[in-house]
Amino acid sequence: MDLTPHYRKFVLSIAANQAVTKLALKVGMKLGASRFVAGESLEQALEVVRDLNRRGILVTLDYLGEGVFSEQVAREMCEAYLTLLEGIQRERVNANASLKLTQMGLSFDRKLTEEIIHTIVAKAAETNNFIRIDMEDTPYTDATLEIYYDLRKQGFDNVGTVIQAYLYRSEKDIEALKQVDAKLRIVKGAYKEPPEHAFPQLSDVDENYKKLVANLLLAGKYTAIASHDERIIDWAKQFTAEHGIDRSRFEFQMLFGVRMSWQEQLAREGYQIRCYVPYGQMWYPYFTRRIAERPGNLWFVVKNMLKR
Ligand SMILES: Cc1cc2nc3c(=O)[nH]c(=O)nc-3n(C[C@H](O)[C@H](O)[C@H](O)COP(=O)(O)OP(=O)(O)OC[C@H]3O[C@@H](n4cnc5c(N)ncnc54)[C@H](O)[C@@H]3O)c2cc1C
């Protein structure tokens, strides 16, 4: 019996507990969050970007934040992204940016979110950069895609989004997104979703993942293959070689702190590989999803606790 979905649900439920959140925010960085987060400031994050670039690894920078419920904080998030884009341009590092729409107020004010994302994507266009809109849980899937389509209608092509292979709807979404030449990142999916929306079996998610990537690549769409799963990466290498798909037509993506030596190896083999580098003070929800993905990460935190 595969216990992984139960482990994941368990960790995500515990992590939502208020007392656990409070305690984690006090000591979490010391207990292991710093393995997955590049630091709390932009300067620290840019230092990490420079180092990764030197090793042949591209970067997408994520200023951490999600589930924002105040206009003031949403506007601060916007400012942080404008500063981030200026920092990338000033330091001439090879990085773009990823963000979440609930960080910009999507859970309470859609108009505000639309205004903010427009400002950020316009700034990215001005600085020759690209914005990736991460995909969150299913209450936000429709709104995220609608906002993405709106940006494209407004003439921005320096923006992409993410499709989650665990959702039944993704195959249909991809067909529509192909029509507008969307630049997509394919992921397995990181949230706790009910079986009405998502495949409960991991093997079905993996099959759907390959199906979606194959569909996009064969249609000639630039695709970001975001996974640390060696079976998926090996399959993608073989699939692209067999179909004569040039390495400039796709990139691999992995998270900062996960399988770093493999990221370097892919770069050495001549593949484009982009590392997702989060930074900032709101690291807790991001960190708990990383723990939920892998029991070994929980063990890593426990070991750090025992060492202290
Ligand atoms: C660049 C990037 C961007 C992403 N953006 C989104 C997004 O917008 N929306 C969303 O829902 N999800 C996103 N995700 C998360 C994604 O949905 C998965 O939860 C995550 O990538 C784990 O799935 P996997 O494909 O690596 O395969 P899995 O089957 O989960 O893992 C395969 C193997 O990779 C290793 N591994 C995986 N995760 C970890 C980890 N955290 N720590 C250590 N080892 C690990 C383990 O050895 C594991 O056995 C993103 C992932 C990446 C890499």
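Quick note, the sequence shown lines up with residues 455 to 762 if you use the working numbering. We put the CB at the ideal spot given by N, CA and C, even for glycine. In this text the structure is predicted, and so the values were computed from the model without any measurement.
Contacting residues, own chain, Cβ-Cβ under 8 angstroms from residue i (five flanking each side not counted)
| i | result |
| --- | --- |
| Glu580 | none |
Cβ-based neighbour list, residue i, same chain, cut-off 6 angstroms, excluding 5 preceding and 5 following
| i | result |
| --- | --- |
| Leu466 | Lys646 and Ala746 |
| Leu506 | Val513 and Cys729 |
| Arg606 | Val634 |
Proximal residues to residue i (C-beta, below 7 angstroms), its chain only, five neighbours per side dropped
| i | result |
| --- | --- |
| Thr458 | Leu656 |
| Lys577 | Leu536 and Leu539 |
CB contact flag (residue i, residue j, <8 angstroms)
| i | j | result |
| --- | --- | --- |
| Val731 | Ala487 | no |
| Thr514 | Arg728 | yes |
| Ala551 | Asn583 | yes |
| Tyr517 | Tyr738 | no |
| Ala678 | Arg713 | no |
| Gly541 | Arg586 | no |
For residue i, three-class secondary structure by DSSP
| i | result |
| --- | --- |
| Ile587 | strand |
| Ile699 | coil |
| Gln633 | helix |
| Pro732 | strand |
| Gln707 | strand |
| Ser524 | coil |
| Thr581 | coil |
| Ile679 | strand |
Of the residues the options, the one placed nearest residue i, counting alpha carbons only
| i | options | result |
| --- | --- | --- |
| Leu560 | Trp753, Ala597, Ala680 and Glu494 | Ala597 |
| Asp683 | Leu538, Tyr676, Tyr663 and Glu590 | Tyr663 |
| Thr573 | Trp753, Asp591 and Gln608 | Gln608 |
| Glu497 | Glu525, Leu538 and Phe464 | Leu538 |
| Glu625 | Gln692, Leu555, Gln557 and Lys665 | Lys665 |
| Met558 | Arg546, Leu621 and Leu536 | Leu536 |
| Ile617 | Ile570, Leu670 and Phe610 | Leu670 |
| Pro649 | Ala668, Arg685 and Tyr620 | Tyr620 |
| Val522 | Phe653, Lys554 and Leu599 | Lys554 |
| Tyr622 | His460, Trp689, Thr592 and Lys632 | Thr592 |
Any non-hydrogen atom of ligand 1 closer than 7 angstroms to residue i Cβ
| i | result |
| --- | --- |
| Asp635 | no |
| Ala549 | no |
| Lys646 | no |
| Asn751 | yes |
| His460 | no |
| His682 | yes |
| Ile686 | yes |
| Arg623 | no |
| Gln726 | no |
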